[in-house]
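J.:
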Amino acid sequence: MKDIREIKNKTGIRLIVMDRLLSPSRALKLCWSNRKSLAYIRRKFGWKRWLNTVLNYWYITGENTGAGLLDPLFKFFPSLTPYPLEIEVEFTTICNINCLQCEYRHWDPKLKLPDGRPYKGQNLTFEQFKNMVDQFPNLIWINPTGEGSPFLNPDFLKMLEYLKKRNVYVNFSTEGFNWNREISKKIVEIGVDKLWFSIDGATKETYQKIRVGSNWDRVWNNIRGLVEEKIKAKSPLPQICFHFTPMALNRHELIPFIDLVADLQEEYEGWVAEYLTIDFQQVIINDPKSAELQYEPTDEEVRNVHKHAKKRGVKIFYTRPSYDEETKPAGDCCVVWKEPFFLINGDVVPCCACVQRNNRTWLHEFTFGNIFEKPFKEIWNSDRYKKFRKMVVNPKAPVPILCQGCAVYNFKDRREKYGVSKNI
Ligand code: SF4
Ligand code: SF4
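With the working numbering as the guide, the letters of the sequence shown map in order to residues 7 to 430.
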């Protein structure tokens, strides 16, 4: 993706053409950049997993995982979109950290799931998880994610193992606090593909101010332990990548953070990741009064961060550094809806970009359905879901209600001209 400031005034079609014409070369580049991992996968896990990994590089959309080769086709002909090959699933709503930027911090303690259970403190059981995943026989990619710390679900490792036995590409984020050496060993042994450690500071002081309750030394020890397990097993997997949410409190630490990661890679002679990556993710403001979060980068900051990352050999994603809607690409460019997101109780929403806004009651109200109550095939092929897929890519249609407040795309003009459709 181009930097958002370069594309902000382009129309949807121009953006698609500009960004997607190059997707075959991006897919090839991904295969080339991950060639050691691909060779390792073929040797250790066989051709089937190798093929699946390559397919990911071509088909999946976004975040350094895939080039989304067919995305333009789905944008213009949404009815051709196949039954999902990629999903995101919330595995837990348990967390013992209290990060400033997280919606978890703002959830009302009395917030309830539609069935009356408290919202916080829930885990997906292994049986529920299996029921869900088995409804996607051709699944090639999964992001087990959501508002919670993954390993506080006691079945999480078992779930990862199940996915890897099915050769699904597994990519997930973690705060790295609820972690130990045994986890590192297992993750390496089963061949989890990619991990994103979320670290929003380049110094202990800033980090602990933002990630309240976490511990800088413990997290870095855990990361180092994981790199050491990779070296012991001579495994390039998992690729260790980083998330960093720029905000007022840490905006001065973006470049030092690039250095921190690049130094770690040098210290371990390239074993951190074959393709060293930092994703500077947009901050989502759940508390409009919080001055410490408000962050609007200057063009110069964006340029400097890109320049420094290039110099240190770190691939960065800094594509949506702004929370200002008008600096985002037009909503009709979106094809992320080919990757449904399952909330903790099994309710499905179009993607992860409509969560994280402390709007859970509303998401459950407008869900397309619940995978534990109805086969997902029926939900995916329902008139409402089909209508949604057509509506979201049509620049002259109302904005589907579930895309109101989307974190990635700009619907401002469309909302003003055509309104918001509450039926979807
Ligand atoms: S960002 Fe992650 S670690 Fe932090 S409070 Fe939210 S769920 Fe917990
Ligand atoms: S919420 Fe945003 S990213 Fe998700 S489907 Fe809607 S427009 Fe696309």
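Where is the CB? At the ideal position from N, CA and C, for every residue including glycine. Remember, it's a predicted structure, so these values are computed and weren't measured experimentally.
#1: Starting from A239, follow its DSSP beta bridges and name the residues at the other end.
#2: Are S43 and G74 closer than 9 angstroms when you measure CB to CB?
#3: Taking DSSP as the reference, what is the three-state secondary structure of R421?
#4: Relative to the C-alpha of K344, which candidate in G52, K81, N58 has its C-alpha closest?
#5: What residue does the alpha helix (DSSP H) around E275 start on, and which one ends it?
#6: DSSP three-state call for F183: helix, strand or coil?
#7: How big is the Cα-Cα spacing for R111 and G52?
#8: Given that a residue counts as buried once 16 or more other Cβ atoms are within 10 Å of its Cβ, and exposed if not, what is T151?
#9: What did DSSP end up calling F162 once you bin it into helix, strand or coil?
#10: In whole angstroms, what is the alpha-carbon distance linking G207 and I47?
#11: Assign H249 to one of two classes, buried (16 or more other C-beta atoms within 10 Å of its C-beta) or exposed (fewer than that).
#12: Is W277 near V233, with beta carbons less than 9 angstroms apart?
#13: Using C-beta distances below 8 angstroms, list every residue in its chain close to L408, excluding the 5 sequence neighbours before and after it, in chain order.
#14: Could you give the C-beta distance for P242 and K200, rounded to a whole number, given that I count them as a contact under 8 angstroms?
#15: Would you call the CB atoms of I100 and S179 closer than 9 angstroms?
#16: Within a Cβ cutoff of 6 angstroms, which residues of the same chain sit near D353, ignoring the five residues on either side of it in sequence?
#17: Nearer than 8 angstroms: is that true of the beta carbon of N256 relative to any heavy atom of ligand 1?
#18: Run the Cβ filter for me: residues under 6 angstroms from any heavy atom of ligand 2, listed in the order they occur in the chain.
#19: Examine chain D for any beta-carbon lying closer than 9 angstroms to the beta-carbon of K210, and answer yes or no.
#20: Would you say K6 and N173 are within 9 angstroms of each other, going by their C-beta atoms?
#21: Put Y65 into one of helix, strand or coil per three-state DSSP.
#22: Kindly identify the DSSP beta-bridge partner or partners of F142.
#23: Assuming E109 and N292 are in contact, meaning their beta carbons sit under 8 angstroms apart, how far apart are those beta carbons, in whole angstroms?
#24: Tell me, please, which residues DSSP counts as bridged to L201.
#25: Are the beta-carbon atoms belonging to E235 and V176 less than 9 angstroms from one another?
#26: Could you tell me the boundaries of the beta strand (DSSP E) in which E94 lies?
#27: If you drop the 5 nearest sequence neighbours on each side, which residues of the same chain put their C-beta closer than 7 angstroms to that of R318?
#28: So, at 8 angstroms on beta carbons, what are the nonlocal neighbours of K439 in its own chain, with the 5 sequence-adjacent residues on each side left out?
#29: Starting from the Cα of L36, find the closest Cα among L79, L106, W64, A336 and give me that residue.
#30: Spatial neighbours of E92 within its chain, please: C-beta separation below 6 angstroms, excluding the five flanking residues on both sides.
#31: Please state if the CB of E96 and the CB of F347 are separated by a distance shorter than 9 angstroms.
#32: Since K432 is in the alpha helix (DSSP H), which residue starts that stretch and which ends it?
#33: Using a strict less-than 5 angstroms threshold between each residue's beta carbon and the heavy atoms of ligand 1, what residues do you get?
#34: Look at the alpha carbon of P262 and the alpha carbon of E272, and state the distance between them as a whole number of angstroms.
#35: Kindly indicate which residue of T333, C358, K334 has the alpha-carbon position closest to the one of V342.
#36: What does DSSP give as the partner residues of W147 in its beta bridges?
T.: In terms of the structure at hand:
#1: Paired residues: none, contrary to the question.
#2: A distance of 9 angstroms or more separates the beta carbons of S43 and G74.
#3: The answer is helix: DSSP assigns R421 an H, G or I state.
#4: Ranked by how close their Cα comes to the Cα of K344, the residues G52, K81, N58 have K81 in first place.
#5: Element bounds for E275: n/a, residue is neither H nor E.
#6: Correct three-state label for F183: coil.
#7: When only Cα atoms are considered, R111 and G52 end up about 43 angstroms apart.
#8: Buried, by the Cβ-count rule.
#9: Here F162 sits in helix by DSSP.
#10: A straight line joining the alpha-carbon of G207 with that of I47 spans about 33 angstroms.
#11: Residue environment analysis places H249 among the buried positions, since at least 16 neighbouring C-beta atoms fall within 10 angstroms of its C-beta.
#12: Taking 9 angstroms as the cut-off, the beta carbon of W277 is found closer than this to the beta carbon of V233.
#13: Annotation for L408: V355, P356, C360, L369, F372, F394, I430 place their beta carbon closer than 8 angstroms to its own, counting only its chain and skipping 5 residues before and after.
#14: Wrong, their Cβ atoms sit about 11 angstroms apart, outside the cutoff.
#15: For the 9 angstroms CB-CB criterion, I100 and S179 do not form a contact.
#16: Excluding residues up to 5 positions away in sequence, H370, T373, N376 lie with their Cβ nearer than 6 angstroms to the Cβ of D353 in the same chain.
#17: Closer than 8 angstroms to some heavy atom of ligand 1: that does not describe the Cβ of N256.
#18: Chain order is used for the residues whose beta-carbon lies nearer than 6 angstroms to a heavy atom of ligand 2, namely G337, C340, V342, W343, P356, C357, A359, C360, V398, C409, C412, V414, Y415.
#19: The question asks about chain D, but that chain is absent: this structure has only one protein chain.
#20: This structure cannot settle anything about residue 6, because the visible part of the chain is limited to 7 through 430.
#21: Under the three-state reduction of DSSP output, Y65 falls in the helix class.
#22: DSSP, once it has assigned bridges, lists no residue as partnering F142.
#23: Indeed, because the Cβ distance is near 5 angstroms, the residues count as touching under 8 angstroms.
#24: Within the DSSP secondary-structure output, L201 pairs in a beta bridge with F178, I246.
#25: Not in contact: E235 and V176 (Cβ atoms no closer than 9 angstroms).
#26: Annotation for E94: the continuous beta strand (DSSP E) segment containing it runs 92-96.
#27: Sequence-distant partners of R318 (beyond 5 residues in either direction) whose C-beta falls short of 7 angstroms from its own C-beta, in its chain, are I264, D265, A268.
#28: Outside the displayed span of the chain (7 to 430) sits residue 439, for which this structure offers no information.
#29: Comparing Cα-Cα distances from L36 to each of L79, L106, W64, A336, the minimum goes to W64.
#30: Excluding sequence neighbours, E92 sits near I66, W147, E345.
#31: Taking 9 angstroms as the Cβ cut-off, F347 and E96 qualify as a contacting pair.
#32: A query on residue 432 cannot be resolved here, the shown segment of the chain reaching from 7 to 430 and no further.
#33: Every residue passing the under-5 angstroms Cβ criterion appears here: C101, I103, C105, C108, Y110, E153, E181.
#34: Taking the CA atoms as reference points, P262 sits about 15 angstroms from E272.
#35: Comparing Cα positions, the closest option is C358.
#36: In DSSP, W147 forms a bridge with E92, Y175.
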